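Q: Take a look at the following structure, please.
Chains as they are written, first to last, in my numbering: chain C, 9 to 107; chain V, 74 to 629.
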């Protein structure tokens with residue numbers, strides 16, 4: 009706690025980027041107001057990108073899970089012998105640890 | 074997945090346990106002794122380190138330890154085994170010739186039984202196998218699923234001179250063993266009655282059936298029967314991948330078997346197991362050369378398939394074990410590594426140490442990744458008397474190796490034993506130990522356990538605590554034997570009454586960094602341990618070369 013409190017003010021005081029941006033924004037507003045639209049559109053674009061990222065990030069996990077299930081149901085099971093893979097035991101122990 | 078590197082993975086290969094040079098292996102098949110050679114066949118995928126494309130691998134040995142790989146014995150080349158040459162068993166006929174019955178997975182994935190025999194009976198190596206032209210000899214009977222009919226046993230003689238086999242199956246959730254009689258192994262007569270069945274145990278595979286002597290310590294040929302004989306039924310539980318056995322009485326007249334104690338019947342979860350660790354699809358054979366029954370067991374991996382693919386191989390076989398009825402308790406089998414394993418013992422060190430409660434002692438044996446330990450432990454009588462004389466100490470009815478917290482659970486009289494495959498700081502260690510409790514009626518109750526939960530820093534490994542109750546009779550000392558061979562640890566409690574095989578994959582406790590410790594994590598008991606540790610040689614298992622291998626290590 010003590011460490012993070014002492015660090016916070018130092019970082020904000022010595023942040024050169026925050027100072028330069030605060031100076032530049034009003035200037036650009038005055039000279040090129042059309043760029044505001046660009047900034048807004050960029051904002052929308054960023055939000056869209058963010059949503060896309062979330063979707064694509066979750067999709068591989070679920071796809072992987074589905075593939076794993078197929079692997080676990082596996083050739084051995086499909087062919088008609090006992091399961092040879094450990095994946096389901098491993099998943100069960102993972103679940104237990106999670107709980 | 075854990076970031077395994079080649080250094081770690083290379084270390085996992087064993088020095089004296091049977092394994093192919095690469096790829097996947099599972100069940101033992103048709104082990105036998107013929108013209109001076111032990112033959113070992115096994116389920117093998119020549120194409121990958123995961124199950125599939127199963128052929129019969131083949132190796133020979135003079136002593137069950139120094140194996141020489143031979144070409145495949147059988148491959149899927151017929152419609153009746155197109156999807157795999159699966160598990161089978163060998164039978165010696167009266168004239169000394171061999172027949173092999175095995176399960177084939179047909180081109181339509183139906184499980185059928187097939188007959189094969191050696192092409193040249195004069196070849197001691199049994200290199201070539203002929204499949205019977207009339208295969209399949211058995212198909213799933215009415216009422217049995219196409220994928221519920223596999224793994225024929227070695228045949229045994231009936232009193233009227235026929236041969237009899239049993240095959241595992243299920244009806245709904247009831248595990249069953251079907252019975253067939255034959256005179257020529259080509260045509261069969263199915264019994265209406267089953268050898269045995271147990272509800273709610275699921276599919277039985279790799280059924281084994283054999284006699285054990287009530288009085289003698291030697292093995293019996295599969296056809297032996299009589300008043301001094303008990304019969305064992307073993308089945309591998311498809312649902313749980315556990316090998317369960319039970320002791321009972323076989324009735325030749327109708328081909329049935331009845332367990333001594335139905336409450337611990339075949340497949341009942343509280344029933345008897347060959348091994349309380351990782352040990353499956355096992356099979357025995359009668360070694361007529363040395364008059365003993367030998368048990369083979371498939372030891373799978375506890376890591377991930379991805380790791381297996383990375384290391385390029387998967388699975389081991391346990392060191393072959395002699396199996397006999399415990400003539401003292403008459404309620405369990407005794408398994409013990411074959412005597413021949415002792416031929417690998419190199420230099421040894423003997424120790425006698427007294428260790429107090431909460432103590433861990435390093436054992437200076439040098440590198441400890443290929444060792445054989447034989448130990449006996451003694452608890453101080455005063456410590457026992459304190460616990461058993463104190464009514465305030467409650468009976469520990471609920472202790473279980475698997476669920477009671479492993480070796481970190483401290484009781485008055487345990488755990489104590491060895492920490493194997495440990496690094497110097499004990500950040501990785503596998504603990505093999507006894508845990509003694511005050512059992513029912515205040516009688517001593519002893520458990521033999523293996524805790525793998527701290528065996529590795531890797532996260533893609535199953536790390537259970539294994540173990541079970543082990544019978545200790547009055548006047549007996551507590552004894553254990555541990556075989557450590559890189560990624561496999563085989564533990565034998567009380568002379569082999571309870572056995573535990575585990576697979577472990579340390580990341581730091583490897584090569585020269587592998588240490589051995591003796592520990593006593595009991596709260597009240599002082600333990601005296603007398604033990605001997607041998608460094609073990611490699612068995613140098615390699616492909617057979619006609620020039621070099623005509624002279625192999627002599628059998629002991």
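Here a beta-carbon is modelled for each residue, glycine too, at the ideal position from N, C-alpha and C.
Since the structure is predicted, the reported quantities are computational estimates derived from the model, not experimental observations.
#1: Can at least three beta-carbon pairs, one atom from the stretch 479-486 of chain V and one from the stretch 589-605 of chain V, be found at a separation below 8 Å?
#2: Three or more beta-carbon pairs under 8 Å between the stretch 297-315 of chain V and the stretch 171-180 of chain V, yes or no?
#3: Among the candidates V:100, V:612, V:535, whose CA atom is the shortest distance from the CA of residue 415 (chain V)?
#4: Please report the distance separating the alpha-carbon of residue 199 (chain V) from that of residue 428 (chain V).
#5: For residue 278 (chain V), does the three-state DSSP call read helix, strand or coil?
#6: Determine whether the Cβ of residue 96 (chain V) lies closer than 8 Å to any Cβ atom of chain C.
#7: Let me confirm a value: residue 214 (chain V) is counted as buried when at least 16 other C-beta atoms fall within 10 Å, else exposed. Which label applies?
#8: What does the Cβ neighbour count give for residue 246 (chain V), buried or exposed, with the cut at 16 atoms within 10 Å?
#9: Give the single residue among V:148, V:264, V:336, V:334 whose Cα lies nearest to the Cα of residue 326 (chain V).
#10: Shortest alpha-carbon distance to residue 172 (chain V) belongs to which of V:212, V:229, V:222, V:125?
#11: Judging by CA-CA distance, which residue of V:443, V:286, V:571, V:478 is the nearest neighbour of residue 321 (chain V)?
#12: Got a sec: is the Cβ-Cβ distance from residue 311 (chain V) to anything in chain C below 8 Å?
#13: Grab me the residues of residue 125 (chain V)'s own chain with a C-beta within less than 7 Å of its C-beta, minus the 5 sequence neighbours each way, in chain order.
#14: Is the separation between the beta-carbon of residue 34 (chain V) and that of residue 348 (chain V) shorter than 8 Å?
#15: Going straight from the alpha carbon of residue 489 (chain V) to that of residue 84 (chain V), what length do you get?
#16: Comparing alpha-carbon positions, which option in V:364, V:477, V:105 lies nearest residue 191 (chain V)?
#17: State yes or no: is the C-beta of residue 540 (chain V) within less than 8 Å of the C-beta of residue 520 (chain V)?
#18: Could you spell out where the alpha helix (DSSP H) holding residue 299 (chain V) opens and where it closes?
#19: Straight-line CA distance for residue 258 (chain V) to residue 188 (chain V)?
#20: Looking only at its chain, what residues have a beta carbon closer than 6 Å to the beta carbon of residue 212 (chain V), apart from the 5 residues adjacent to it on each side?
#21: Can you say whether residue 425 (chain V) is buried or exposed, counting buried as having 16 or more other CB atoms within 10 angstroms of its CB?
#22: List, in order along the chain, the chain C residues whose C-beta lies closer than 8 Å to that of residue 314 (chain V)?
#23: With 16 other CB atoms within 10 Å as the buried threshold, where does residue 78 (chain C) fall?
#24: Among all the DSSP beta bridges, which residues are the ones paired with residue 545 (chain V)?
#25: Since residue 182 (chain V) meets chain C, which of its residues come closer than 9 Å, beta carbon to beta carbon?
#26: Report yes if the CB atom of residue 366 (chain V) is closer than 8 Å to the CB atom of residue 395 (chain V), and no otherwise.
#27: Are the C-beta of residue 220 (chain V) and some C-beta of chain C separated by less than 8 Å?
#28: For residue 255 (chain V), I'd like the list of residues in its chain whose CB is within less than 6 Å of its CB, leaving aside the five on either flank, ordered along the chain.
#29: Within this structure, are the beta carbons of residue 590 (chain V) and residue 491 (chain V) separated by less than 8 Å?
#30: Assign residue 240 (chain V) to one of three DSSP states: helix, strand, or coil.
#31: Mapping DSSP to helix, strand and coil, what is residue 337 (chain V)?
#32: Who are the neighbours of residue 152 (chain V) on chain C, taking C-beta pairs under 9 Å?
#33: Alpha carbon to alpha carbon, what distance is there between residue 91 (chain V) and residue 575 (chain V)?
#34: If contact is defined by three or more beta carbon pairs under 8 Å, each pair taking one atom from either stretch, is the stretch 137-144 of chain V in contact with the stretch 156-169 of chain V?
#35: Based on DSSP bridge pairs, tell me the residues matched to residue 603 (chain V).
#36: Using the beta-carbon of each residue, which ones in chain A are nearer than 8 Å to residue 156 (chain V)?
A: By the coordinates alone:
#1: These segments touch.
#2: no
#3: By 1-based counting over the second chain, the position of residue 415 (chain V) is 342. If we check each option's Cα against that of residue 415 (chain V), V:612 comes out closest.
#4: As a working note, residue 199 (chain V) is residue 126 in the second chain. As a working note, residue 428 (chain V) is residue 355 in the second chain. Cα to Cα, the separation comes out at about 54 Å.
#5: To locate residue 278 (chain V), count along the second chain from 1; it is residue 205. Collapsing the DSSP output to three states places residue 278 (chain V) in a strand.
#6: As a first step, residue 96 (chain V) must be located in the second chain, where it is residue number 23. Closer than 8 Å: no.
#7: Taking the first residue of the second chain as 1, we reach residue 214 (chain V) at position 141. That one is exposed.
#8: Position 173 of the second chain, counting from 1, holds the residue named residue 246 (chain V). Exposed.
#9: Taking the first residue of the second chain as 1, we reach residue 326 (chain V) at position 253. Closest by alpha carbon: V:264.
#10: Stepping through the second chain from its first residue, residue 172 (chain V) is reached at position 99. Nearest option by C-alpha distance: V:229.
#11: For this step, residue 321 (chain V) is matched to residue 248 along the second chain. The candidate whose alpha carbon is nearest that of residue 321 (chain V) is V:286.
#12: As a working note, residue 311 (chain V) is residue 238 in the second chain. Judged by the 8 Å Cβ criterion, residue 311 (chain V) is in contact with chain C.
#13: One-based indexing of the second chain puts residue 125 (chain V) at position 52. Excluding positions up to five away in sequence, the list reads 118.
#14: An answer regarding residue 34 (chain V) cannot be provided, because it is not within the stretch 74 to 629 covered by chain V.
#15: Residue 489 (chain V) sits at position 416 when you count from the first residue of the second chain. Residue 84 (chain V) sits at position 11 when you count from the first residue of the second chain. Each residue's alpha carbon lies about 28 Å from the other.
#16: Sequence index remark: in the second chain, residue 191 (chain V) carries index 118 (1-based). Looking at the Cα atoms, V:105 is the closest of the given residues.
#17: By one-based count along the second chain, residue 540 (chain V) stands at place 467. By one-based count along the second chain, residue 520 (chain V) stands at place 447. Contact flag set, yes.
#18: Walking along the second chain from the start, residue 299 (chain V) turns up at place 226. First-last for residue 299 (chain V): undefined, no H or E at that position.
#19: Residue mapping note: residue 258 (chain V) aligns to position 185 of the second chain, counting from 1. Residue mapping note: residue 188 (chain V) aligns to position 115 of the second chain, counting from 1. Near 7 Å, if we compare the C-alpha coordinates of residue 188 (chain V) and residue 258 (chain V).
#20: Position 139 of the second chain, counting from 1, holds the residue named residue 212 (chain V). Taken in chain order, the residues that qualify are 185.
#21: Along the second chain, read from residue 1 onward, the residue named residue 425 (chain V) stands at position 352. In summary, residue 425 (chain V) is exposed, with fewer than 16 beta-carbon neighbours lying within 10 Å of its beta-carbon over all protein chains present.
#22: One-based indexing of the second chain puts residue 314 (chain V) at position 241. Ordered by position in chain C, the residues that pass the 8 Å Cβ test against residue 314 (chain V) are 90, 91.
#23: As a first step, residue 78 (chain C) must be located in the first chain, where it is residue number 70. Below a pLDDT of 50, predicted positions are generally treated as unreliable, and residue 78 (chain C), at 44, falls in that range; the measurement from the model is reported next regardless. Classification for residue 78 (chain C): exposed.
#24: Locating residue 545 (chain V) in the second chain gives position 472, counting from the first residue. Its beta-bridge partners do not exist; DSSP assigns none.
#25: Against the second chain, residue 182 (chain V) aligns to sequence position 109. Simply 86, 87, 88.
#26: For the purposes of this step, residue 366 (chain V) is taken as the residue at position 293 of the second chain. For the purposes of this step, residue 395 (chain V) is taken as the residue at position 322 of the second chain. Yes, the pair counts as a contact, with Cβ atoms nearer than the cut-off.
#27: Here residue 220 (chain V) refers to the residue found at position 147 of the second chain. Answer yes: the Cβ-Cβ gap between residue 220 (chain V) and chain C drops below 8 Å somewhere.
#28: Residue mapping note: residue 255 (chain V) aligns to position 182 of the second chain, counting from 1. Result list for residue 255 (chain V): 236, 261, in chain order.
#29: On the second chain, position 517 is the one that residue 590 (chain V) refers to. On the second chain, position 418 is the one that residue 491 (chain V) refers to. With respect to the 8 Å criterion, residue 590 (chain V) and residue 491 (chain V) are classified as neighbours on the basis of their beta carbons.
#30: The count along the second chain starts at 1 and reaches residue 240 (chain V) at position 167. Correct three-state label for residue 240 (chain V): strand.
#31: Position 264 of the second chain, counting from 1, holds the residue named residue 337 (chain V). Correct three-state label for residue 337 (chain V): helix.
#32: Here residue 152 (chain V) corresponds to residue number 79 of the second chain, with the count starting at 1. Under the 9 Å cutoff, chain C gives no residues; its nearest Cβ is about 15 Å from residue 152 (chain V).
#33: By 1-based counting over the second chain, the position of residue 575 (chain V) is 502. By 1-based counting over the second chain, the position of residue 91 (chain V) is 18. Distance between the alpha carbons of residue 575 (chain V) and residue 91 (chain V) is about 15 Å.
#34: no
#35: On the second chain, position 530 is the one that residue 603 (chain V) refers to. The partner list for residue 603 (chain V) (beta bridge, DSSP) reads V:425, V:449.
#36: Note that chain A does not occur in the displayed structure, where the protein chains are C and V.
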